[in-house]
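Residue numbers (this note's numbering): 1 to 285. Where is the CB? At the ideal position from N, CA and C, for every residue including glycine. Bear in mind the structure is a predicted one, so any value in this text is a computation, not a measurement. Have a look at the structure below, then the notes.
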């Protein structure tokens, strides 16, 4: 169908032409979706007060959410072995769960010690976050919880209930946890991307092999049709110009036929009679 379209597009009926165009548009759109997917989202208003968490959020949130989308759609589509794909998914989820558990544990402790009191920034970082999947929401919750954790600790430090060195260490540990988890998610996705690259290369090679097979099959069919036409044309020739066939293939019979032909007088046979009539007509004139 594609070959006919490329060689003689004007000869196709308009409905078939439309069907081919729409199929190609669908194929291109599907290919783009599984390479750079753009998904519907929900909007969540996020507010961050701690500069340390704000910096980590800008550095990692959109990136890690992209990792999650890649794993949910692109890797799922290209990695056909479900066990291998699920292994990447489990690793990814374990990193998020470990970060969430650590931050939640520290948050509960400092929330209780501070009597749920926390600091507020005069000009907090406010952003409308576009969330496209459950893992993106889990990652956002980790950043928001980390921000609240440090705000409780800052309140205690201001009130004199927490040493400044302890506060600084908590900030560094929280930043390090966010950074380490983001790097771990990146490592999982890089490994999955290698599998996706291999799968795409194999699929492309298979398509090329199938295309070569189809071309060879069409060429063979064309040769068969040409052979059939040649045989049919030979069978329909008049008897006087048809090529004699030696059914038994014996050299003795071939020699006898050649000898009979050489000994035949010039005027014998249909062609001979025709030539004799032509000569008589010329002589009469």
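For residue i: DSSP bridge partner residues
{"i": "residue 126", "result": "47"}
{"i": "residue 42", "result": "131"}
Nearest-angstrom Cβ-Cβ length linking residue i and residue j, presumed shorter than 8 Å
{"i": "residue 133", "j": "residue 68", "result": "6 Å"}
{"i": "residue 126", "j": "residue 45", "result": "7 Å"}
{"i": "residue 100", "j": "residue 147", "result": "Incorrect: roughly 14 Å between the Cβ atoms, too far for contact."}
{"i": "residue 192", "j": "residue 90", "result": "In fact, because the Cβ distance is near 12 Å, the residues do not count as touching under 8 Å."}
{"i": "residue 198", "j": "residue 154", "result": "Going by Cβ atoms, the distance from residue 198 to residue 154 rounds to 49 Å, so no, they are not a contact pair."}
Beta-carbon spacing of residue i, residue j below 8 Å
{"i": "residue 175", "j": "residue 52", "result": "yes"}
{"i": "residue 49", "j": "residue 124", "result": "yes"}
{"i": "residue 60", "j": "residue 178", "result": "yes"}
{"i": "residue 65", "j": "residue 136", "result": "yes"}
{"i": "residue 189", "j": "residue 71", "result": "yes"}
{"i": "residue 131", "j": "residue 41", "result": "yes"}
{"i": "residue 110", "j": "residue 54", "result": "no"}
{"i": "residue 149", "j": "residue 107", "result": "yes"}
{"i": "residue 88", "j": "residue 97", "result": "no"}
Simplified DSSP assignment, three categories, for residue i
{"i": "residue 80", "result": "coil"}
{"i": "residue 179", "result": "helix"}
{"i": "residue 114", "result": "coil"}
{"i": "residue 121", "result": "coil"}
{"i": "residue 159", "result": "coil"}
{"i": "residue 5", "result": "Because the pLDDT of residue 5 is 45, which lies under 50, any placement of that residue in the model is unreliable, and the question is left without a value."}
Alpha-carbon spacing of residue i relative to residue j, whole angstroms
{"i": "residue 20", "j": "residue 29", "result": "14 Å"}
{"i": "residue 145", "j": "residue 22", "result": "48 Å"}
{"i": "residue 114", "j": "residue 183", "result": "32 Å"}
{"i": "residue 95", "j": "residue 116", "result": "28 Å"}
{"i": "residue 228", "j": "residue 27", "result": "38 Å"}
{"i": "residue 156", "j": "residue 162", "result": "5 Å"}
{"i": "residue 129", "j": "residue 43", "result": "6 Å"}
{"i": "residue 158", "j": "residue 92", "result": "38 Å"}
{"i": "residue 18", "j": "residue 194", "result": "38 Å"}
{"i": "residue 223", "j": "residue 13", "result": "28 Å"}
{"i": "residue 102", "j": "residue 73", "result": "28 Å"}
{"i": "residue 16", "j": "residue 225", "result": "26 Å"}
{"i": "residue 105", "j": "residue 85", "result": "31 Å"}
{"i": "residue 83", "j": "residue 180", "result": "26 Å"}
{"i": "residue 58", "j": "residue 201", "result": "34 Å"}
{"i": "residue 56", "j": "residue 121", "result": "17 Å"}
{"i": "residue 171", "j": "residue 143", "result": "13 Å"}
{"i": "residue 24", "j": "residue 186", "result": "34 Å"}
{"i": "residue 173", "j": "residue 47", "result": "21 Å"}
{"i": "residue 112", "j": "residue 169", "result": "19 Å"}
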